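*Asks:* Chains as they are written, first to last, in my numbering: chain A, -18 to 192; chain B, -18 to 192.
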DNA sequence: CTTAAATTCTGAACAGTGTTAAGATATGCT
DNA sequence: AGCATATCTTAACACTGTTCAGAATTTAAG
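1) Mind pulling the chain A residues with CB within less than 9 Å of residue 178 of chain B?
2) Strictly below 9 Å CB to CB, what residues from chain B border residue 163 of chain A?
3) Going by DSSP, what residues sit across from residue 189 of chain A in a beta bridge?
4) With C-beta atoms as the reference, is residue 224 of chain B less than 8 Å away from residue 115 of chain B?
5) Since residue 102 of chain A is in the alpha helix (DSSP H), which residue starts that stretch and which ends it?
6) Please list, in chain order, the chain B residues whose beta carbon lies closer than 8 Å to that of residue 18 of chain A.
7) So, does the CB of residue 153 of chain A fall closer than 8 Å to a CB anywhere in chain B?
8) Indicate the three-state DSSP secondary structure (helix, strand or coil) for residue -13 of chain A in the structure shown.
9) On a CA-only basis, which of A:183, A:8 and A:17 is nearest residue 46 of chain A? Give me that one, please.
10) Can you grab the Cα-Cα spacing for the pair residue 173 of chain B / residue 166 of chain B, in whole Å?
11) Taking residue 72 of chain B as the reference, give the member of B:149, B:151, B:131 and B:179 with the closest Cα.
12) Need the endpoints of the alpha helix (DSSP H) that residue 77 of chain A sits in, please.
13) Unbroken beta strand (DSSP E) runs of length 3 or more, entirely within the region 141 to 174 of chain B: which are they?
14) How far does the alpha helix (DSSP H) with residue 25 of chain A in it extend, from its first residue to its last?
15) On the criterion of 16 or more Cβ atoms from any shown chain inside 10 Å, does residue 38 of chain B qualify as buried, or is it exposed?
16) Step through the CB atoms of chain B and report whether any lies within less than 8 Å of the CB of residue 166 of chain A.
17) If contact is defined by three or more beta carbon pairs under 8 Å, each pair taking one atom from either stretch, is the region 90 to 99 of chain A in contact with the region 175 to 185 of chain A?
18) For residue 55 of chain B, which three-state DSSP category applies?
19) Look up residue 2 of chain B in the DSSP assignment and say whether it is helix, strand or coil.
20) In three-state terms, what does DSSP make of residue 116 of chain A?
21) Judging by CA-CA distance, which residue of B:-2, B:163, B:154 and B:120 is the nearest neighbour of residue 142 of chain B?
22) Using the Cβ count rule (16 or more neighbours within 10 Å means buried), how would you classify residue 77 of chain A?
23) Whole-angstrom Cβ separation of residue 162 of chain A and residue 86 of chain B, contact assumed at under 8 Å?
24) In chain A, which residues lie less than 9 Å from residue 184 of chain B when you measure between Cβ atoms?
25) Do residue 177 of chain B and residue 80 of chain B have their C-beta atoms closer together than 8 Å?
26) With a threshold of 8 Å between beta carbons, is residue 157 of chain A in contact with chain B?
27) Please say whether residue 29 of chain B and residue 0 of chain B have beta carbons closer to each other than 8 Å?
28) In whole angstroms, give me the CA-to-CA distance for residue -15 of chain B and residue 32 of chain B.
29) With DSSP collapsed to three states, give me the class of residue 39 of chain B.
30) Chain B partners of residue 160 of chain A, CB-CB under 7 Å?
31) Do residue 223 of chain A and residue 188 of chain A have their C-beta atoms within less than 8 Å of each other?
32) CB-CB under 7 Å to residue 63 of chain A, same chain, minus the five flanking residues each way: which ones, in chain order?
33) How is residue 33 of chain B classed by DSSP in three states: helix, strand or coil?
34) Is the Cβ-Cβ distance between residue 112 of chain A and residue 48 of chain A less than 8 Å?
35) Let's test the definition: count the other Cβ atoms within 10 Å of the Cβ of residue 36 of chain A and tell me whether it reaches 16, buried, or not, exposed.
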């Protein structure tokens, strides 16, 4: 058989070949188009030229599809944060860049970002939930940078966990405000970035030890 | 006819008497029970002992009902913040109390809080949208306190708008993290309050001028 | 008081949804 | 080759939001 690159060569095949990924991509597009609330599994199937029941051979149910999307999104966020954390900068500058990158990720992937944080997706309990792990991995980028900053310079007052929670809260809060409040109607990428910079810089000020 | 207090005296009346409020209350309960995603207008009607079409005589559609709920919730939030802002404290203490109150409001009214921030509810444009107004009113409690703090003591570095955005972001971020992340499974009212205090105190540190 | 108008509710219906079950079609293995 | 398995379709179920015609009730007008 041909490699997985040739997806659109023969679209009328009974077996799609790579339906799972096609569904995921269609789902991302749909969510970004019509929003998260009207998001429909049947429409996803429609866009993949497939019957409404087909997705159930690749996902347990609609929520499982969304869950998969959320996990992928967390991984993309993790790499985005790691990329923002350039080695050439000081830990404090890295913190600022990570914070801004978080907000920009939310702004540029609003639908996926909304899927990432839904109480309904939080697993019942126990077992290493992949979604939870992916979320912790993303947080670790921020957390580790804080640790590094503390080691290099004794610059932080409170302990790393509190600092992390606080910085995470600011950037996450600004992100959701930008997406879910009336601001979303007038916000642009530039204004979002500007707000992110201002807010993050202020927040970092709060964790510096006064000299 | 009797006063509006006697709601449950004659439950079999064709005309309910105060269906609109009954629907709103049933909706609040339902949302807090089964969450925001599975929230169903038909179930609301069912709980009000009324046909599925009855709500349409009091609300344009499901979204209009949710919108009404969100507006009410914003007003409740506003009074909660005003109550937290006790006159006896200094403006800075007031800021701290307001921030904590915000987080606790979210924790105690999770379903309503989620209804308050939904991109879908943001009106198309123009005209004084009551939801937007209610949101601004709530923000004003925080904003005015910042202004007062700046007047009493020249204690803030950045300007009030930036400070407000930053503080709003922290408390809003922590709120949604507490509600929508895996933390929600283990969080209690006490742990939430503790986190709120820590995070808000750190954030306020960031806006104090260094002496 | 009578009667017309307006309000509030019901019942039945429509399209659309998530999901399942039974069967058709293709793929992979031996 | 043939058999098991994975993948897809068709049909159906219960449920949803919403509309519409009409019944029950309240309000207002004569």
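Glycine is no exception: its CB is placed at the ideal position from the N, C-alpha and C atoms.
Quick caveat, the model's predicted, so the values are computed rather than measured.
*Replies:* Taking the geometry as given:
1) Residues of chain A passing the Cβ test: none, with the nearest at roughly 10 Å.
2) 103, 104, 110, 112, 113, 116 and 117
3) A:137
4) Given that chain B is displayed from residue -18 to residue 192, the structure contains no residue 224 of chain B and the question cannot be resolved.
5) Here residue 102 of chain A belongs to no alpha helix (DSSP H), and DSSP marks it neither H nor E.
6) 99 and 101
7) yes
8) Confidence at residue -13 of chain A is low in this model, with a pLDDT of 35, below 50, so its placement is unreliable and no value can be given for it.
9) A:8
10) 12 Å
11) B:131
12) 72 to 89
13) none
14) 22 to 28
15) exposed
16) yes
17) no
18) helix
19) Residue 2 of chain B: helix per DSSP, three-state reduction.
20) Looking at residue 116 of chain A - three-state DSSP - the assignment turns out to be helix.
21) Ranked by Cα distance from residue 142 of chain B, the first of B:-2, B:163, B:154 and B:120 is B:120.
22) buried
23) About 16 Å separates the CB atoms of residue 162 of chain A and residue 86 of chain B; that is not less than 8 Å, and the two are not in contact.
24) 147, 150, 151, 183, 184 and 187
25) With contacts defined by Cβ atoms closer than 8 Å, residue 177 of chain B and residue 80 of chain B form a contacting pair.
26) Residue contact check for residue 157 of chain A against chain B: a CB pair falls below 8 Å.
27) yes
28) Here residue -15 of chain B scores only 32 on pLDDT, less than 50, and its place in the model is too uncertain to base an answer on.
29) Note: residue 39 of chain B maps to coil in three-state DSSP.
30) Going along chain B in sequence order, the residues near residue 160 of chain A (Cβ under 7 Å) are 100.
31) With chain A covering -18 to 192 only, the question about residue 223 of chain A has no answer from this structure.
32) 122
33) Correct three-state label for residue 33 of chain B: coil.
34) yes
35) Counting the other Cβ atoms within 10 Å of the Cβ of residue 36 of chain A gives 16 or more, which makes it buried.
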